[in-house]
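K.L.:
Residue numbers (this note's numbering), protein chains in the order written: chain A, 385 to 498; chain B, 49 to 163.
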């Protein structure tokens, strides 16, 4: 199993600003992901955070809007840039020890953009 | 397109009663199906995992079933407790090129257990 610490747990931000979300795992993991969970919607994969290289983004998500860092196997950050009210959502960090293994999730960051 | 549909969207039951949540999927090629519980303000936590050859699996008061032929799964909760109030998410894993696996999430069923 993996224990994930994600922070902040929530924030209210002004439009046009940026917020960086941190994800810390208690053990080294190969695979780390960032998801968005909008009200009433399923979890949507934003990107796969790759250690030592650029993140792999899903369709509809771009690096300029959601820059991701992964300096080592236990830590990653997701930045939500130039925020608008449409970015209000829950952002979740997730890790897996293998491609088909159980996904573990952080507690999420509830972002409100005003 | 891979999809996971859950029903009902929400459900209210009295403490001590049983309930069953449904999950239909069109994901292929299928690898496994997991049910997750997500408490308010928390991340999802895995309850059960079902592979292609498994029909039933239990985890305490939670029992999951899988019919791979009809591509349906259910999660049965027995003798519900107030702490069962949460969103229950069905997640299907599919092989996605080589050794990669892609997860498809349902929207979840919001269960409320009232005293």
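Even for Gly, the Cβ is constructed at its ideal location relative to N, Cα and C.
Just curious, the beta strand (DSSP E) that residue 425/A is in, first and last residue?
P.N.:
Residue 425/A -> no beta strand (DSSP E), and no H or E assigned at all.
K.L.:
DSSP state of residue 462/A, grouped into three classes?
P.N.:
Of the three classes helix, strand and coil, the one that applies to residue 462/A here is strand, per DSSP.
K.L.:
To the nearest angstrom, how far is it from the Cα of residue 420/A to the Cα of residue 106/B?
P.N.:
Going from the Cα of residue 420/A to the Cα of residue 106/B covers about 30 Å.
K.L.:
Comparing the C-beta of residue 435/A with each C-beta of chain B, is any distance below 7 Å?
P.N.:
No, its Cβ sits nowhere closer than 7 Å to a Cβ of chain B.
K.L.:
For residue 98/B, which option in 67/B, 108/B, 138/B, 86/B has the closest C-alpha, if you only look at C-alpha atoms?
P.N.:
Closest by alpha carbon: 138/B.
K.L.:
I believe residue 160/B touches residue 60/B by the beta-carbon criterion, under 8 Å. Please report the beta-carbon distance rounded to the nearest angstrom.
P.N.:
So it is a contact: roughly 5 Å between Cβ atoms.
K.L.:
Using the C-alpha atoms, what's the distance from residue 468/A back to residue 458/A?
P.N.:
So the two alpha carbons sit approximately 30 Å from each other.
K.L.:
Return yes when the Cβ of residue 134/B is within less than 7 Å of the Cβ of residue 87/B, no when it is not.
P.N.:
Result yes, Cβ atoms of residue 87/B and residue 134/B sit closer than 7 Å.
K.L.:
Give me the Cβ distance between residue 452/A and residue 418/A, rounded to the nearest whole Å; I'm assuming they're in contact under 8 Å.
P.N.:
With a Cβ gap of about 6 Å, residue 452/A and residue 418/A count as contacting.
K.L.:
Spatial neighbours of residue 63/B within its chain, please: C-beta separation below 8 Å, excluding the five flanking residues on both sides.
P.N.:
Correct list, in chain order: 128, 129, 130, 161, 162, 163.
K.L.:
Which of the three DSSP states is assigned to residue 115/B in this structure?
P.N.:
Reduced to three states, the DSSP call for residue 115/B is strand.
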